[in-house]
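**Q** Please find one structure pasted underneath; my questions will follow.
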Amino acid sequence: MNTTTVSPSLGLEGADSVRRGDAGLSTLHRLTTLIIIGGAFITFGILWDISWHATIGRDTFWTPAHMMIYLGGTLSGCLAGWIAFSATFLKSEALRGVSVRLLGAWAPLGAWVTIWGALAMLTSAPLDDWWHNAYGLDVKILSPPHALLAAGMYGVVTGGHLLAAAARNRAVAGGVSAGVAWLPLVANGVQLALSSILLTELSFPNLQRSATFAMASAALYPTFLVSAARQSATRWAATKMSFVYMAVMCVMVWILPLFPAEPKLAPIFNRLTHMAPPAFPHLLFIPALALDLLAMGIRNKSGWAWEAGRVLGSATLFLVLFLFVQWHFSAFLISPMADNAFFAGHGRYFSYMGDLQYAGQFWERRNASIEFSTLGWAGLIAIASALVGSRGGRFLTRILR
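Residue numbering for the sequence shown follows our numbering, starting at 1 and increasing by one per position.
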């Protein structure tokens, strides 16, 4: 599989196609938009599914939330499959020019990733149904079938992001207005929202003063924020992307409690009368703003020393600002002041198995408090995460296929 990102010939070919207003690339852009919408369906569906488990319990595989998840994966996979079919069998020159070859077939790299993700999702469905019939309820979010499902979902949204970034880069290389610059930001925000769900069990407001939360957040979020800030084609990219993430999460925080529901499985410690919302999202736009300012300040600098400064500065800014903001914001979220429909705090995010007497306090766990050693480890993790983000952002500004 040839995954070449930028070459002079590819750049000219992509630029010429954009300048001609090639119908094939216009169709690719529309399909990319629909693939990203499919990824959003997946993200909304998994948040809905978690709420279903937290409110009702698992009653059948054929819940609306499950159907929304698999609809998003199937839609995106079929669209990516049509891209591959068109490039391979209909022999569209425009699509061939922005495709890579795999086992004799042609498609853009993002389409291949999306196809793989959709297949992994569909494979996980019967496995998940068998798992529940054999073992009952999930004790943890990431059971083996859920791990395969999570990998597949992430493949679908990542494929959409790759397709969107390549379309933006071709527009820039073609010397035309980058009218598709917003699409990678939306795809990246959906990608971040989906990834943040993996930290759900470590990120309740009651746990946001723990060492585990600090280190898990340092491992995940700098990668996305630094990558977005590094994409030089768009100003304030990390900040805009963090608002997309917040919008996705807040939609479910505000909409889910509007629907009546009640638990159907024992034991019931918290008798809910409506769908439980997720916890209010993290205020990532604050460190994102600082990372954007840093990126703009050194955008035209090159060399390993500037790269090292970018990574170290980004990791430090993220860790200091994020932990400071969430330290204080989490105290607000577990207080009675957040007990309203907007913030959904003070235990409104509890499942029917949660005990509300612990809603207004930080949960203590063994070796859980944030200490100087914790900050040291979190700092090292954040540096590694920022390095991955910097390299990933550079790749995403160059990919054309």
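Ideal Cβ placement from N, Cα and C applies to all residues, glycine included.
Quick caveat, the model's predicted, so the values are computed rather than measured.
#1: Determine the DSSP secondary structure at Trp106, reduced to helix, strand or coil.
#2: Round the Cβ separation of Pro205 and Ala276 to the nearest angstrom and send it over; I've been treating them as touching at under 8 angstroms.
#3: Since Trp306 is in the alpha helix (DSSP H), which residue starts that stretch and which ends it?
#4: With distances taken between CB atoms, is the gap from Asn270 to Gly345 smaller than 8 angstroms?
#5: Taking buried to mean at least 16 other C-beta atoms within 10 Å of its own C-beta, is Met68 buried or exposed?
#6: On a CA-only basis, which of Leu289, Leu291, Phe213, Arg299 is nearest Trp377? Give me that one, please.
#7: Among the residues of its own chain, which have a CB less than 8 angstroms from the CB of Met252, if the five just before and after it don't count?
#8: Going by DSSP, which residues form a beta bridge with His274?
#9: Looking at the structure shown, is Ile226 part of a helix, part of a strand, or coil, going by DSSP?
#10: Can you round the beta-carbon distance between Leu444 and Thr114 to whole angstroms, since I take them to be within the 8 angstroms contact cut?
#11: Grouping DSSP H, G and I as helix and E and B as strand, with all else coil, what is Val156?
#12: Between Thr27 and Asn169, how many whole angstroms is the CB-CB distance? I'm expecting something under 8 angstroms.
#13: Helix, strand or coil for Ser385, going by three-state DSSP, please let me know.
#14: Within the chosen definition, does the region 145-161 reach the region 189-204 through at least 3 CB pairs nearer than 8 angstroms?
#15: Just the Cα atoms here: how many angstroms apart are Asn367 and Ser210?
#16: Take the Cβ of Leu259 as the centre, count every other Cβ of all protein chains shown within 10 Å, and call the residue buried at 16 or more, exposed below.
#17: Considering Tyr349, what are the terminal residues of the alpha helix (DSSP H) in which it resides?
#18: Determine the DSSP secondary structure at Val100, reduced to helix, strand or coil.
#19: Would the region 303-316 and the region 236-243 be scored as touching if the rule is three or more Cβ pairs under 8 angstroms?
#20: May I have the straight-line CA-CA distance separating Leu199 from Ala216, to the nearest angstrom?
#21: In the DSSP output, which residue or residues are listed as bridge partners for Ser26?
#22: Can you check which of these residues, Phe329, Arg230, Leu387, Ala84, is closest to Arg101 by C-alpha distance?
#23: Output needed for Ala107: all residues of its chain with C-beta closer than 6 angstroms, excluding positions within five of it in sequence on either side, in chain order.
#24: What's the call for Tyr358, buried or exposed, on a 16-neighbour Cβ count within 10 Å?
**A** So, to answer that:
#1: The residue you call residue 106 lines up with position 106 of the sequence shown. Strand, per DSSP.
#2: For the purposes of this step, residue 205 is taken as residue 205 along the sequence shown, with counting starting at 1. For the purposes of this step, residue 276 is taken as residue 276 along the sequence shown, with counting starting at 1. Their Cβ separation, rounded to whole angstroms, is 14 angstroms, which puts Pro205 and Ala276 out of contact at 8 angstroms.
#3: For the purposes of this step, residue 306 is identified with residue 306 of the sequence shown, where counting begins at 1. Its alpha helix (DSSP H) spans residues 304-333.
#4: As a first step, residue 270 must be located in the sequence shown, where it is residue number 270. As a first step, residue 345 must be located in the sequence shown, where it is residue number 345. Their beta carbons are not under 8 angstroms apart, which means Asn270 does not touch Gly345 by this criterion.
#5: As a working note, residue 68 is residue 68 in the sequence shown. Label assigned to Met68: buried.
#6: Within the sequence shown, residue 377 is the residue found at index 377, counting from 1. Here the closest residue by C-alpha is Phe213.
#7: For the purposes of this step, residue 252 is taken as the residue at position 252 of the sequence shown. Cβ within range, chain order: Phe44, Leu47, Trp48, Ser51, Pro277, Pro278.
#8: Indexing the sequence shown from 1 puts residue 274 at position 274. Partner(s): Pro260.
#9: Taking the first residue of the sequence shown as position 1, residue 226 is located at position 226. Note on identity: in this sequence residue 226 is Val, with Ile being the wrong assignment. Helix, per DSSP.
#10: Residue 444 lies beyond the range of the chain shown here (1 to 401); nothing can be said about it.
#11: If you number the sequence shown from 1, residue 156 lands on position 156. In the structure shown, Val156 sits in a helix (DSSP, three-state: H, G or I).
#12: For the purposes of this step, residue 27 is taken as the residue at position 27 of the sequence shown. For the purposes of this step, residue 169 is taken as the residue at position 169 of the sequence shown. Rounded, the Cβ-Cβ distance is 18 angstroms, inconsistent with contact.
#13: To locate residue 385, count along the sequence shown from 1; it is residue 385. In the three-state scheme derived from DSSP, where H, G and I count as helix and E and B as strand, Ser385 is classed as helix.
#14: yes
#15: Residue numbering aside, residue 367 sits at position 367 when the sequence shown is read from its first letter. Residue numbering aside, residue 210 sits at position 210 when the sequence shown is read from its first letter. Low confidence applies here, because Asn367 scores a pLDDT of 48, under 50, leaving its location unreliable; read the following figure in that light. Taken atom to atom, the span from the alpha-carbon of Asn367 to that of Ser210 is near 9 angstroms.
#16: Walking along the sequence shown from the start, residue 259 turns up at place 259. Note that residue 259 is Phe in the sequence shown, not Leu. Flag for Phe259 reads exposed.
#17: Counting from one through the sequence shown, the residue named residue 349 turns up at place 349. Premise fails: Tyr349 is in no alpha helix (DSSP H) and is neither H nor E.
#18: By 1-based counting over the sequence shown, the position of residue 100 is 100. Three-state result, Val100: strand.
#19: no
#20: Here residue 199 refers to the residue found at position 199 of the sequence shown. Here residue 216 refers to the residue found at position 216 of the sequence shown. Using only the alpha carbons, I get a separation of about 7 angstroms.
#21: By one-based count along the sequence shown, residue 26 stands at place 26. Per DSSP, Ser26 has no beta-bridge partner at all.
#22: As a working mapping, residue 101 is identified with position 101 in the sequence shown. With distances taken between Cα atoms, Arg101 lies closest to Ala84.
#23: The sequence position of residue 107 within the sequence shown is 107, counting from 1. Within the same chain, Ala107 has close Cβ partners Ile83, Ala84, Ala87, Ser99.
#24: Locating residue 358 in the sequence shown gives position 358, counting from the first residue. Result: exposed.
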